[in-house]
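Take any residue in the sequence shown, note its place counting from 1, add 67, and you have its number in the working numbering. For glycine and all other residues, C-beta sits at the position ideal for the given N, C-alpha and C. This structure is a prediction, so every number in the text was calculated from the model and none was measured. Let me begin by presenting the structure, written as structure tokens, before commenting on it.
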Amino acid sequence: MEYLIYCDESTKRGKLCSNFYGGALVKSIHLEDVTNRLNKYKSEANITGEVKWTKVTAPYLEKYIGLMDIFFDLLQENKLKMRVMFQQNLVSDDITRHFTKEEHEESYFKLYYQFIKHAFGLKYSNLTNEKINLRLYFDQFPDKKTKVDKFKNFIYDLRLSDDFINANLSIRYDDIVEVSSHDHVILQCADIVTGAMFFRLNKLHLEKNEETGKRGKRTIAKEKLYKHIHKRICEIRSNFNVGVSTSNDGDIINKWNYPYSHWKFTPSQVVKKTLHS
Numbered sequence: 068m069e070y071l072i073y074c075d076e077s078t079k080r081g082k083l084c085s086n087f088y089g090g091a092l093v094k095s096i097h098l099e100d101v102t103n104r105l106n107k108y109k110s111e112a113n114i115t116g117e118v119k120w121t122k123v124t125a126p127y128l129e130k131y132i133g134l135m136d137i138f139f140d141l142l143q144e145n146k147l148k149m150r151v152m153f154q155q156n157l158v159s160d161d162i163t164r165h166f167t168k169e170e171h172e173e174s175y176f177k178l179y180y181q182f183i184k185h186a187f188g189l190k191y192s193n194l195t196n197e198k199i200n201l202r203l204y205f206d207q208f209p210d211k212k213t214k215v216d217k218f219k220n221f222i223y224d225l226r227l228s229d230d231f232i233n234a235n236l237s238i239r240y241d242d243i244v245e246v247s248s249h250d251h252v253i254l255q256c257a258d259i260v261t262g263a264m265f266f267r268l269n270k271l272h273l274e275k276n277e278e279t280g281k282r283g284k285r286t287i288a289k290e291k292l293y294k295h296i297h298k299r300i301c302e303i304r305s306n307f308n309v310g311v312s313t314s315n316d317g318d319i320i321n322k323w324n325y326p327y328s329h330w331k332f333t334p335s336q337v338v339k340k341t342l343h344s
């Protein structure tokens with residue numbers, strides 16, 4: 068069996084929160100069903116192009132809501148897992164202001180590394196003797212090839228960590244790839260959820276047009292979509308607070324078990340160390 072993780076990020080700085088990383092995990096045994104159901108909905112709704120948070124508009128709102136319903140149905144059926152990691156500026160800025168220029172430049176990939184290593188609770192995912200391979204699909208990186216290759220090597224080395232060895236997890240270098248989100252509907256859905264969290268946690272739903280003093284139609288549509296997404300999350304976990312790390316409720320294995328969770332990442336010395344930490 069394999070785990071496939073589709074990863075998306077937004078390094079855009081928000082007023083309150085920044086460095087959003089989102090990922091959707093599907094087991095290989097569920098991949099065909101998941102992609103078929105999402106693509107079937109897109110076809111039936113006459114959505115011919117790529118869907119993403121930045122393309123949400125009032126005329127397309129109901130179509131996006133419908134797609135998110137399919138996505139969250141799949142989460143509730145335990146055929147998908149979704150994770151979102153972000154940083155609160157008030158906390159992270161106090162630490163990262165001491166970073167060197169090199170450390171700032173490397174922080175994008177260091178945070179991505181932490182997300183892959185910890186956000187899904189992979190080390191708790193396999194209590195059997197079955198070997199499981201991990202495939203990683205990253206939305207195209209904004210950095211130069213040398214930096215990307217360095218990052219891929221660090222991800223590849225996760226296979227040598229105690230966490231991965233004990234969980235019988237492996238990674239093949241060729242399975243760490245950059246892809247176009249246009250070709251992967253699961254990645255598109257991860258983008259929508261991650262974008263919705265960036266939108267709400269930075270209070271963009273309150274933004275008004277300077278000339279009219281009113282909120283724009285797109286802002287209102289995005290708020291409605293966010294509220295629907297949050298409603299679906301609350302069906303999985305009641306009263307879900309998007310602004311904090313999701314509790315494991317006293318059982319560390321829930322880091323893996325939960326269909327949906329958030330991680331408010333607080334920088335510490337681990338960020339300043341090498342990616343091997």
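Quick one: Cα of residue i to Cα of residue j, how far?
i, j, result
"L201", "T279", "50 Å"
"G81", "R267", "10 Å"
"L194", "D318", "15 Å"
"Q143", "T167", "43 Å"
"M264", "L254", "16 Å"
"V338", "E111", "At V338, the pLDDT of 47 sits below 50, so the modelled position is not reliable and the matter cannot be decided from this model."
"S248", "L292", "20 Å"
"D75", "S328", "15 Å"
"Q207", "D140", "27 Å"
"T313", "I287", "27 Å"
"V118", "R104", "15 Å"
"G116", "K122", "10 Å"
"N306", "I162", "31 Å"
"L157", "Y88", "18 Å"
"P326", "M149", "6 Å"
Can you tell me whether residue i is helix, strand or coil according to DSSP?
i, result
"H329", "strand"
"S159", "helix"
"Q181", "helix"
"L83", "coil"
"E245", "strand"
"N262", "The sequence given here has Gly at residue 262, not Asn. DSSP places G262 in helix when its eight states are reduced to three."
"V309", "coil"
"A288", "helix"
"F148", "It should be noted that the sequence gives Lys, not Phe, for residue 148. It is a strand residue."
"K339", "Bear in mind that the predicted position of K339 carries a pLDDT of just 46, short of 50, making it unreliable; the figure below should be weighed with that in mind. Helix."
"S344", "Its pLDDT being 44, under 50, S344 is placed unreliably in this model, and the value from its coordinates should be taken loosely. Coil."
"F187", "coil"
"I238", "strand"
"G89", "strand"
Name the two residues that bound the continuous alpha helix (DSSP H) containing residue i.
i, result
"F218", "K212 to Y223"
"Y108", "S95 to E111"
"F166", "No alpha helix (DSSP H) holds F166; DSSP gives it neither H nor E."
"E277", "That residue, E277, is in no alpha helix (DSSP H); it is neither H nor E in DSSP."
"L194", "Run containing L194: none; DSSP gives neither H nor E here."
Could you say which of the options lies nearest to residue i if we only look at CA atoms?
i, options, result
"L271", "E144, C84 and I238", "C84"
"K198", "L254, I183, R226 and E173", "R226"
"I259", "I132, P126, I72 and K107", "I132"
"Y223", "I232, T213, N233 and S237", "S237"
"W323", "L147, I162, N103 and T124", "L147"
"T54", "C301, L292 and V252", "Examination of residue 54 is not possible in this model, given that the chain is present from 68 through 344 alone."
"F231", "Q207, V158 and F187", "F187"
"V309", "I320, N321 and K294", "K294"
Under DSSP, the beta strand (DSSP E) around residue i begins and ends at which residues?
i, result
"R201", "What sits at residue 201 in the sequence shown is Leu, not Arg. Start and end: I199 to D206."
"Y73", "E69 to S77"
For the 8 Å Cβ check, are there 3 or more pairs between the stretch 215-228 and the stretch 237-244? yes
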